[in-house]
Amino acid sequence: MLRLKLAKTAAEESTTTQVHDEHLLHGTNVLKFLVSPWSFSGRIVCADSYFASVGAAEELKRNGLKFIGVVKTATKKYPMAYLQALELQGRGDRRGLVARDAEGRPSLIACVWMDRERRYFISNAHGLAPGTPYVRKQWRQLDQTLNADPVRQTLVVEQPKLAEVYYDVCGKIDQHNRDRQDTLGVERKLVTTKWDKRVGLSIFSMIVVNTYRMYMGLTYPREEGRSQKLFYEQLAEELILNKYDAAMRMPRNSNELPNRMGHCPPAINHLDGTPRMGTHAHLTPTKRKRKGTNFALQGNCRVCRKKTKYLCSCCKDAAVATSKEAKDLLYREGQAVLLSTLAGRPQLVGTSTIVLL
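The structure is reproduced here in structure tokens:
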């Protein structure tokens with residue numbers, strides 16, 4: 526489920542904040558709103574440093590939820606100075622402090638765990654009990670001689686149970702953000718200052734990344750999966766050429782091509798067996814402007830006869846020299862040839878790979 530909350534100014538937030546919540550941090554108030562549908566369900570909420578604080582853990586416990594968070598700046602009531610002063614032996618070492626309720630039962634734990642650097646946690650769900658160690662493979666330069674090759678080593682790091690649960694959840698969020706911001710990069714390429722467009726781009730990017738992850742989980746094993754960029758190219762073509770909502774009609778005569786009936790083109794080209802995917806969809810290079818106007822010249826598709834600056838993905842490029850050869854190839858072999866009409870003479874249109882911006 527995707528649940529959103531629009532961040533407002535302090536004056537606007539004060540008009541909607543409950544009286545008994547005025548002492549809470551802004552991140553805690555936002556967190557309470559986001560998880561309110563699951564109150565008193567006993568679920569574990571894992572949150573990053575914007576939401577994590579001692580107050581957030583106490584407030585969620587009153588609402589029947591458990592909490593694990595990484596503390597960075599919200600250190601009120603948190604023993605940060607004490608935990609920073611502790612000496613740790615190395616990766617996997619951890620120390621912590623426990624707060625107890627009136628009956629002497631543990632209610633909160635504040636701890637530090639050593640990975641590459643110190644990580645500070647607040648939790649009322651799990652403690653420092655040993656969790657499943659995580660394994661990393663790294664390249665290490667053990668031999669210091671000149672031009673010596675690095676050695677690939679397996680690194681096993683012990684971690685407490687609360688760190689295991691937290692990174693099983695938030696680690697996926699970090700991967701999702703990396704796929705959305707770096708690999709897909711829609712928000713970076715389509716820069717905007719309008720908040721509604723920015724929110725729309727972010728939600729669209731989330732949907733695209735989720736689509737890729739579901740596709741990979743349902744179709745291909747991990748070791749044989751396709752790259753994200755290839756999948757995004759395929760998805761871009763499918764979105765551009767989407768005809769599922771188009772009104773279907775019967776051809777007027779037998780000379781009309783099937784791809785003009787409103788049907789979505791087949792996934793496999795029946796002529797040569799090539800798959801219909803992003804790497805087979807092409808765009809023409811930028812053409813020169815028409816004289817006296819700011820509009821680019823438009824070519825005509827040899828198959829569908831429509832004016833366009835793009836190549837039809839249902840057509841197949843072929844190296845032809847003259848319009849007569851193109852016509853012979855088109856009607857003798859049944860293969861589609863794309864020609865542009867520049868300067869009154871048919872020419873073969875160049876191609877380039879389609880890119881999702």
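Using the working numbering, you'd call the opening residue of the sequence shown number 526 and step up by one each time. Heads up, the beta-carbon is just placed ideally off N, CA and C, and yes, glycines get one too. Please read these numbers as outputs of a predicted model, since none were measured by experiment.
Item to complete: Quick one: grab the DSSP three-state call for C829.
Response: Mapped onto the sequence shown, residue 829 falls at position 304. Note: C829 maps to coil in three-state DSSP.
Discussion item. Assuming contact is defined by CB atoms lying nearer than 9 Å, are D640 and V682 in contact in what I supplied?
Written reply: As a first step, residue 640 is located in the sequence shown; it is residue number 115 there, counting from the start. As a first step, residue 682 is located in the sequence shown; it is residue number 157 there, counting from the start. Their beta carbons are under 9 Å apart, which means D640 touches V682 by this criterion.
Fill in: Buried or exposed (CB count within 10 angstroms, at least 16 for buried), P658
Taking the first residue of the sequence shown as 1, we reach residue 658 at position 133. So P658 counts as exposed.
Worksheet item: Based on the DSSP output, what are the partners of R661 in its beta bridges?
Response: If you number the sequence shown from 1, residue 661 lands on position 136. According to DSSP, R661 bridges with L680.
Worksheet item: alpha helix (DSSP H) containing K697: first to last residue?
Response: Position 172 of the sequence shown, counted from the first residue, corresponds to residue 697. Here the alpha helix (DSSP H) through K697 covers 686 to 703.
Worksheet item: To which residues of the same chain is Y691 closer than 6 Å at the C-beta, ignoring the five residues directly before and after it?
Response: Numbered from its first residue, the sequence shown carries residue 691 at position 166. For Y691, where only same-chain residues beyond five positions count, the Cβ hits under 6 Å are C571, I593.
Fill in: N-terminal and C-terminal residue of the beta strand (DSSP E) that L622 is part of
On the sequence shown, residue 622 is found 97 positions in, with the first residue counted as 1. Start and end: 619 to 625.
Worksheet item: Got a sec, what are the start and stop residues for the alpha helix (DSSP H) A606 sits in?
Response: Numbered from its first residue, the sequence shown carries residue 606 at position 81. It spans 605 to 610 - the alpha helix (DSSP H) in which A606 sits, taken as one unbroken run.
Worksheet item: So who's on the other strand from M639, going by DSSP bridges?
Response: Along the sequence shown, one-based indexing puts residue 639 at 114. Its beta-bridge partners are R643.
Worksheet item: Is A673 helix, strand or coil when you go by DSSP?
Response: As a position in the sequence shown, residue 673 is number 148, starting the count at 1. A673: coil per DSSP, three-state reduction.
Worksheet item: Opposite L590 in the DSSP bridges: which residues?
Response: As a working note, residue 590 is residue 65 in the sequence shown. DSSP, once it has assigned bridges, lists no residue as partnering L590.
Discussion item. I'd like to know whether the C-beta atoms of M567 and K597 end up nearer to each other than 9 Å.
Written reply: As a first step, residue 567 is located in the sequence shown; it is residue number 42 there, counting from the start. As a first step, residue 597 is located in the sequence shown; it is residue number 72 there, counting from the start. For the record, residue 567 in the displayed sequence is Gly; it is not Met. No, the pair does not count as a contact, with Cβ atoms beyond the cut-off.
Practice prompt. Name the one or two DSSP bridge partners that S561 has.
Written response: Within the sequence shown, the letter at position 36 stands for residue 561. Answer is none; S561 lacks a bridge partner.
Discussion item. Taking only three categories from DSSP, how would you classify L633?
Written reply: In the sequence shown, the residue the question calls residue 633 occupies position 108. In the structure shown, L633 sits in a strand (DSSP, three-state: E or B).
Worksheet entry | Rounded distance between the beta-carbons of I647 and L633, thought under 8 Å | Working through the sequence shown from its first residue, we reach residue 633 at position 108. Working through the sequence shown from its first residue, we reach residue 647 at position 122. Right, their Cβ atoms sit about 7 Å apart.
Worksheet item: Hey, how far is the Cα of L550 from the Cα of G580?
Response: Numbered from its first residue, the sequence shown carries residue 550 at position 25. Numbered from its first residue, the sequence shown carries residue 580 at position 55. One C-alpha to the other measures close to 8 Å.
Practice prompt. Keeping to the same chain, check which residues put their C-beta closer than 8 Å to that of A654; ignore five residues upstream and five downstream.
Written response: Walking along the sequence shown from the start, residue 654 turns up at place 129. These residues qualify, in order along the chain: P685, K686.
Worksheet item: By how many angstroms is the C-alpha of R713 removed from the C-alpha of T541?
Response: Residue 541 sits at position 16 when you count from the first residue of the sequence shown. Residue 713 sits at position 188 when you count from the first residue of the sequence shown. T541 and R713: Cα-Cα distance of roughly 33 Å.
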